[in-house]
Amino acid sequence: MIYLIANFKTKPGSTEAIRKAVAPCLEATRREPGCITYDLFQNMEDPDSLVFVEKWESREALSAHFEAPHLIAWREAGSQYFIERTIKIIHPDHVETL
Numbered sequence: 036m037i038y039l040i041a042n043f044k045t046k047p048g049s050t051e052a053i054r055k056a057v058a059p060c061l062e063a064t065r066r067e068p069g070c071i072t073y074d075l076f077q078n079m080e081d082p083d084s085l086v087f088v089e090k091w092e093s094r095e096a097l098s099a100h101f102e103a104p105h106l107i108a109w110r111e112a113g114s115q116y117f118i119e120r121t122i123k124i125i126h127p128d129h130v131e132t133l
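Right, here's the structure in full:
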């Protein structure tokens, strides 16, 4: 089992537009083979900071997710709102930074 933690700093005031754009991806990803959990959270102290917390059965399942049409559509729709991002994949024995 692996985890993916993706932190995003977004343009001020864009949270509602982001939530609307990401909704189809959240729904479709949760049905993907190998997806255990896939959640989006907003920082209560900084509403322009979002974090995805994902749990996957394997790195292979996560790699397949990266190629899914709904994720590609979300990346294109959401990219206009992001200022910076940090993505870490946490394996049992090491951490990947994308």
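Each residue of the sequence shown is one higher than the last, beginning at 36 in this note's numbering.
A virtual CB, placed ideally from N, CA and C, is assigned to each residue, including glycine.
- Beta-bridge partners of N42 (DSSP): V86, T121.
- For L61, the uninterrupted alpha helix (DSSP H) run begins and ends at 50-64, by DSSP.
- Residue pairing of F76 in beta bridges, as defined by DSSP: V86.
- Residue pairing of I37 in beta bridges, as defined by DSSP: W91.
- Beta-bridge annotation (DSSP): E131 is paired with I124.
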